[in-house]
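Just so we're on the same page, the working numbering is the position in the sequence shown counted from 1, plus 51. Scroll down for the structure; my scribbles are underneath it.
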Amino acid sequence: MRTGIAVLLLAVTLSGCAPSAVHVSQHDPDNLRPTACEQAWTRARQSEQLHKNQSDNRAQAWTQAARECPARLDEATVHAAQALTASQGGQTNRQTATLRLVQAAQRLDPLAKALPVELADQAITGEDRSGFELSVLAARKTDAAWMLTLADAHTAAAQILAGHSKHDPRQGVYPTTDLLAHPDESTDPANGIQTPTPALIEMDTARSLLAVGRKLNGSAGTIRTDVSQNAKSHQEATSALIDMVVAHLSMAMNLGYPATSSALLQTPKH
């Protein structure tokens, strides 16, 4: 029996696309796993025993597990984001999560170079749409400077990703009917959870990038890049993707998306 993570790939009702479930195996094909993956996953599991004030170490361990075990990308990135969210609290947490997202967006160039056209379009559009939606929400609030900073991070990410694309899929303006109907709180179609709308936008962006990451997984369990690229470029593209996903997930949780595993993880029925 295969178990997986119920991080669902969808463009939320804000964008009008229907969700589709994607489950990730806990094992590589044929139940074979590289030694590096086994070791990284064991270290990550062991890190769960660390004290709360060592949450950053837990996050690093799960991030490394995501790099070494792409077949378990969803699960590892969720655990990394949970650890980051637990490391601080209150306003400082939101500021830290925003800074993390801004910094991750600035490091997307290696990923942009590795994306084939169809996946580049998906990643670019996801970031651009989220930036637009957050800008719309910010315009409705009196104290929304932080939201504009967040929107700018999305827009910057889309710009960097588009910089190496053969064409630019950005629309600039996206439908707002559902967004304006639920500007404060929305229902996540993936699980029925009521969550702040900005948090759902962040969660949705993470899911879109996770789908890109899964499609980039090669038969050897690593991100595919052009054959002329060396191992370092290979690793940089993988790391850029993972860091951005973790940043989006962490931001979503800091904005109010439930950080519990019961809300994010489940065993699929067979």
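Where is the CB? At the ideal position from N, CA and C, for every residue including glycine.
From Glu184, Ala257, Met295 and Ala174, pick the residue whose C-alpha is nearest to that of Thr10; which is it? Any question about residue 10 goes unanswered here, given that the chain covers just 52 to 321.
Self-check item: Three CB pairs or more closer than 8 Å across the region 192-206 and the region 146-155
Solution: Yes: at least three Cβ pairs fall under 8 Å.
CA nearest to the CA of Arg94, picked from Lys192, Arg109, His102 and His299
By one-based count along the sequence shown, residue 94 stands at place 43. Cα-wise, what sits closest to Arg94 is Arg109.
key: Environment of Ala178 [buried if 16+ CB atoms lie within 10 Å]   = As a first step, residue 178 is located in the sequence shown; it is residue number 127 there, counting from the start. It is Glu, not Ala, that sits at residue 178 in the sequence shown. Buried: at least 16 other Cβ atoms inside 10 Å.
- Query: Is the distance from the Cβ of Ala291 to the Cβ of Leu188 below 7 Å?
  - Reply: Here residue 291 refers to the residue found at position 240 when the sequence shown is read from its first residue. Here residue 188 refers to the residue found at position 137 when the sequence shown is read from its first residue. Not closer than 7 Å, so no.
Roughly how many whole angstroms lie between the Cα atoms of Thr149 and Met302?
Along the sequence shown, read from residue 1 onward, the residue named residue 149 stands at position 98. Along the sequence shown, read from residue 1 onward, the residue named residue 302 stands at position 251. One C-alpha to the other measures close to 7 Å.
| How about Ile252 and Ala314: do their beta carbons lie closer than 7 Å? | For the purposes of this step, residue 252 is identified with residue 201 of the sequence shown, where counting begins at 1. For the purposes of this step, residue 314 is identified with residue 263 of the sequence shown, where counting begins at 1. Against a cut-off of 7 Å, the Cβ pair of Ala314 and Ile252 comes out as no contact.
Element boundaries [alpha helix (DSSP H), containing Glu236]:
In the sequence shown, residue 236 corresponds to position 185, counting from 1. Per DSSP, Glu236 belongs to no alpha helix (DSSP H); it is in the beta strand (DSSP E), Glu236 to Thr238.
* Asked: Which same chain residues, not among the five before or five after Leu162, have their C-beta less than 6 Å away from its C-beta?
  -> In the sequence shown, counting from the first residue as 1, residue 162 sits at position 111. For Leu162, where only same-chain residues beyond five positions count, the Cβ hits under 6 Å are Ala288, Ala291 and Leu292.
Item checked: alpha helix (DSSP H) segment containing Thr114, residue limits -> The sequence position of residue 114 within the sequence shown is 63, counting from 1. Boundaries of the alpha helix (DSSP H) around Thr114: Ser106 to Glu119.
Does the region 113-129 come within contact of the region 294-310, defined as at least 3 CB pairs closer than 8 Å?
-> With a cut-off of 8 Å, the region 294-310 and the region 113-129 count as touching, because enough Cβ pairs lie within range.
- Message: Which residue wins for smallest C-alpha separation from Asp235, given the options Ser186, Pro249 and Ala241?
- Response: Sequence index remark: in the sequence shown, residue 235 carries index 184 (1-based). Looking at Ser186, Pro249 and Ala241, the one whose alpha-carbon comes closest to that of Asp235 is Pro249.
**Prompt:** Gln157: buried (16+ other C-beta within 10 angstroms of its C-beta) or exposed?
**Reply:** Numbered from 1 along the sequence shown, position 106 holds the residue referred to as residue 157. Only exposed fits Gln157, as fewer than 16 other CB atoms lie within 10 angstroms of its CB.
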